[in-house]
Amino acid sequence: MRPALPLAVALLAAATALAPFASAQAPATITATSRLVEADATFVDAVFFDPVHDFESFGSLLDGAFDAFVDADASSFGSSSYSTAEQVSDMDTAFGAFDAYGAATAGLYVQGAGDSAATSRFELEVALAYDGRFVLGGDLSTTEVFGGFFPQDRPGIATVEVRLEDADTGVVHFAASTVFGAPGALLDGTVVPLAAGDYRLTVAAVALDATNGIEQIDGSQVAGVFDLQGRFEVDPPTTMFVEAIDVLALGGGAGRGKLTGIATVRVVNEAGEPVVGATVAGRFFGDLAGAARAVTDANGVATFVRTTRPPVGPPRFAFEVTGVAHGALAWDPTADLESVDTP
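In the working numbering, the protein residues as written are 1 to 343.
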């Protein structure tokens with residue numbers, strides 16, 4: 001039990017008019033920011049020789065037209081492979097919403113020895129206070145940006161995958177993916193029901209390309225891209241229960257005047273939030289006898305006050321909650337932490 005308010009304050013609280021309670025939807029919270037796994041890139045600079053040994057560095061070719069530097073009289077050439085990765089995100093950590101873009105690109109221009117790999121990975125964790133849903137839009141796609149000069153050249157590999165899993169158990173609740181050569185995955189309108197808990201969302205774009213040692217000009221370049229928007233929503237609570245009852249006795253006994261009993265009852269919803277505007281029914285019994293009703297305030301507390309003539313001997317009474325009613329929430333008496341209390 002906790003000390004009750006002075007009688008005058010308690011009486012004022014009990015008589016205050018209260019506004020109706022509207023069940024608010026508490027937001028999900030992003031608990032970890034996104035992170036990028038940097039590309040594991042390799043790059044080999046190639047040098048092109050003509051018969052008089054003038055040359056152009058391959059490093060200068062990436063920003064210009066490739067065929068402008070290929071000479072039919074070239075006597076030798078090297079190889080180049082490269083990879084890039086990027087990932088940007090805009091997140092509202094307070095409301096569990098995000099907008100994420102990521103891309104991984106790998107390629108080569110001259111056939112030879114070498115490989116490239118790029119990974120762009122978006123990760124975040126979300127805490128759901130109670131049951132909710134994951135709403136996802138956007139798409140996963142792969143592409144071959146530059147198809148290569150020779151059909152027999154090894155095409156490169158790109159994959160993109162999104163996974164939503166339980167952060168504690170690793171159980172996967174949703175997964176979607178696409179690979180190079182397959183249709184992209186359009187995720188607009190995807191809704192995944194979720195129980196209360198902690199979740200991890202991972203989106204990864206991977207691009208791989210490699211040379212096979214055959215000296216021929218190649219222009220393959222593959223990319224994996226994700227462009228996603230999502231939000232984690234939580235359902236409004238549907239039940240409420242009595243979290244605490246505190247009872248205080250004022251006066252009573254020999255020479256102490258009338259006996260006043262004050263009972264405060266705190267009602268919360270299933271998320272532990274105070275319920276405003278719930279009608280609590282209860283009864284005093286013992287030296288104070290009688291039924292009473294009160295409405296919960298902004299703190300979810302209903303206050304009951306009852307006065308009677310001085311009892312013979314020490315005051316002996318208790319207060320019991322007999323019912324709780326609310327326009328949007330159902331009372332779950334099995335969840336009550338207390339049902340009866342004494343001073």
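Yeah, the Cβ is synthetic: ideal placement off N, Cα and C, and Gly gets one too.
Computed from a predicted model, the values in this text were never measured in an experiment.
Rounded C-alpha distance that separates D332 from T239: Start at 1 with the first residue of the sequence shown, and residue 332 comes out as number 332. Start at 1 with the first residue of the sequence shown, and residue 239 comes out as number 239. The alpha-carbon separation between D332 and T239 amounts to approximately 6 angstroms.
Neighbourhood of E125 by C-beta distance below 6 angstroms, restricted to the same chain and skipping five residues each side: For this step, residue 125 is matched to residue 125 along the sequence shown. Here the set comprises T31, A32, A167 and R200.
Simplified DSSP state of P310, which is helix, strand or coil: Residue mapping note: residue 310 aligns to position 310 of the sequence shown, counting from 1. Three-state result, P310: coil.
Backbone CA spacing between Q221 and D227 [nearest angstrom]: Locating residue 221 in the sequence shown gives position 221, counting from the first residue. Locating residue 227 in the sequence shown gives position 227, counting from the first residue. Roughly 20 angstroms separates the two Cα atoms.
Close Cβ partners of D188 (< 6 angstroms) along its chain, the five nearest in sequence each way excluded: In the sequence shown, counting from the first residue as 1, residue 188 sits at position 188. Counting only residues of its own chain and dropping the five nearest sequence neighbours on each side, D188 has a CB closer than 6 angstroms to the CB of G137.
Under 8 angstroms between C-beta atoms of G224 and V160: Locating residue 224 in the sequence shown gives position 224, counting from the first residue. Locating residue 160 in the sequence shown gives position 160, counting from the first residue. G224 places its beta carbon less than 8 angstroms from that of V160.
Inter-residue Cα distance where the pair is N344 and S83: Nothing can be reported for residue 344: it is not among the residues displayed for the chain, which extend from 1 to 343.
Which listed residue (D131, A176 and S339) has its alpha carbon closest to that of L186: Counted from its first residue, the sequence shown places residue 186 at position 186. When each option's Cα is compared against that of L186, the closest is A176.
D166, enclosing beta strand (DSSP E) - first and last residue: Residue 166 sits at position 166 when you count from the first residue of the sequence shown. Where D166 is concerned, the enclosing beta strand (DSSP E) starts and stops at I157 to D166.
Reduced DSSP category for T334 - H, G, I as helix; E, B as strand; rest coil: As a first step, residue 334 must be located in the sequence shown, where it is residue number 334. DSSP places T334 within a helical segment (H, G or I) once states are collapsed to three.
Contacting residues, own chain, Cβ-Cβ under 8 angstroms from V268 (five flanking each side not counted): Numbered from its first residue, the sequence shown carries residue 268 at position 268. Correct list, in chain order: M240, F241, E243, P274, V275 and G300.
Minimum C-alpha distance to T279 - residue among L288, R266, E270 and G272: Position 279 of the sequence shown, counting from 1, holds the residue named residue 279. Between T279 and the set L288, R266, E270 and G272, the nearest pair of CA atoms involves R266.
Boundaries of the beta strand (DSSP E) in which A291 is found, first to last residue: In the sequence shown, residue 291 corresponds to position 291, counting from 1. DSSP places A291 in the uninterrupted beta strand (DSSP E) bounded by G290 to V295.
Of the residues I157, G181, A196 and G107, the one placed nearest P27, counting alpha carbons only: In the sequence shown, counting from the first residue as 1, residue 27 sits at position 27. Ranking I157, G181, A196 and G107 by Cα distance to P27 puts A196 first.
G59 in three-state terms, based on DSSP: Position 59 of the sequence shown, counting from 1, holds the residue named residue 59. Summary for G59: the model assigns pLDDT 39, below 50, so the residue's position carries little reliability; its value from the coordinates is reported in the next sentence. Three-state result, G59: helix.
Where the beta strand (DSSP E) through P193 begins and ends: Translated into positions along the sequence shown, residue 193 becomes position 193. Boundaries of the beta strand (DSSP E) around P193: T190 to L194.
Pairwise C-alpha distance: V324 and T119: Taking the sequence shown and counting its residues from 1, one reaches residue 119 at position 119. Taking the sequence shown and counting its residues from 1, one reaches residue 324 at position 324. Each residue's Cα considered, the two are about 56 angstroms apart.
Element boundaries [beta strand (DSSP E), containing V265]: For this step, residue 265 is matched to residue 265 along the sequence shown. L259 to N269 is the span of the beta strand (DSSP E), which, as asked, contains V265.
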